[in-house]
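Visitor: Quick one: this structure, given as structure tokens, is what I'll be asking you about.
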Amino acid sequence: MALKCADICNPCRPWELSKQWSEKVTEEFFQQGDIERKHKLEVGPLCDRETNTVGKIQIDFMTYVAEPLFAEWARFSDTCLSQTMLGHMGLNKASWGGLQQEQTPVSEEAEPSAAGGSSSKEMPQGSRES
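When the letters of the sequence shown are read in order and numbered with the working numbering, they come out as residues 10 to 139.
Here you go:
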């Protein structure tokens, strides 16, 4: 469990460092998707820059992978470090939520907005399963 926590601890780092690494990792995902698209392969859900944002990917990663793991780790080892990591993750998730409001997938930027301030970004992936 400790090794897995060490492997995926980026959301538990201070915001600037976590954001920097998240952007680098996501760009690698997007480059993979570009290659898949170029070769007419199905683009993996995390790799599609046309339907995803860094913020959405990070929030989903924290919600479904990192938070459950680190909450269990904190239950196992309730230390100041564990609480600090969970605190950073909570702040980072909130920060990505704020940035997500500003980020728009490429495909949405190309579409003219008929309602000016509508929130069509709530379901950018349509009916795609998580």
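Note that CB positions come from ideal geometry on N, CA and C, so glycine has one too.
Take the Cβ of K49 as the centre, count every other Cβ of all protein chains shown within 10 Å, and call the residue buried at 16 or more, exposed below.
Guide: Start at 1 with the first residue of the sequence shown, and residue 49 comes out as number 40. Exposed: under 16 other Cβ atoms inside 10 Å.
Visitor: Which runs of the alpha helix (DSSP H), 4 residues or longer, sit entirely within the region 55 to 118?
Guide: If we require 4 residues or more, the alpha helix (DSSP H) runs fully inside the region 55 to 118 come out as 63 to 70, 76 to 85, 89 to 111.
Visitor: By alpha-carbon positions, which one of A75, S91, L108, K28 ends up nearest to D16?
Guide: Here residue 16 is taken as the residue at index 7 of the sequence shown, counted from 1. Closest option to D16, Cα to Cα, is A75.
Visitor: With DSSP as the reference, label V34 as helix, strand or coil.
Guide: Within the sequence shown, numbered from 1, the residue matching residue 34 stands at position 25. Note: V34 maps to helix in three-state DSSP.
Visitor: Please report the distance separating the alpha-carbon of R84 from that of E59.
Guide: Walking along the sequence shown from the start, residue 84 turns up at place 75. Walking along the sequence shown from the start, residue 59 turns up at place 50. Each residue's Cα considered, the two are about 39 Å apart.
Visitor: Under three-state DSSP, which class holds G42?
Guide: On the sequence shown, position 33 is the one that residue 42 refers to. DSSP places G42 in helix when its eight states are reduced to three.
Visitor: What is the residue span of the alpha helix (DSSP H) that C14 lies within?
Guide: Position 5 of the sequence shown, counted from the start, is the residue given in the question as residue 14. Taken as a continuous stretch (DSSP letters only), the alpha helix (DSSP H) holding C14 covers 11 to 16.
Visitor: Does P77 have its Cβ less than 9 Å from a Cβ in chain B?
Guide: Among the chains of the structure shown, chain B does not appear; only one protein chain is present.
Visitor: Below 8 Å on the Cβ atoms is my guess for I68 versus G106; work out the distance and round it to an integer in Å.
Guide: Taking the sequence shown and counting its residues from 1, one reaches residue 68 at position 59. Taking the sequence shown and counting its residues from 1, one reaches residue 106 at position 97. Right, their Cβ atoms sit about 6 Å apart.
Visitor: Please say whether G64 and L12 have beta carbons closer to each other than 9 Å?
Guide: Here the question's residue 12 lines up with position 3 in the sequence shown. Here the question's residue 64 lines up with position 55 in the sequence shown. Contact: no.
Visitor: Does the Cβ of S27 have 16 or more other Cβ atoms within 10 Å, making it buried, or fewer, making it exposed?
Guide: To locate residue 27, count along the sequence shown from 1; it is residue 18. Answer is buried; the Cβ neighbour count reaches 16.
Visitor: State the DSSP-derived secondary structure class of L26, mapped to helix, strand or coil.
Guide: Within the sequence shown, residue 26 is the residue found at index 17, counting from 1. Here L26 sits in helix by DSSP.
Visitor: Between F70 and M94, how many whole angstroms is the CB-CB distance? I'm expecting something under 8 Å.
Guide: Within the sequence shown, the letter at position 61 stands for residue 70. Within the sequence shown, the letter at position 85 stands for residue 94. Actually they do not touch by this definition, with Cβ atoms about 15 Å apart.
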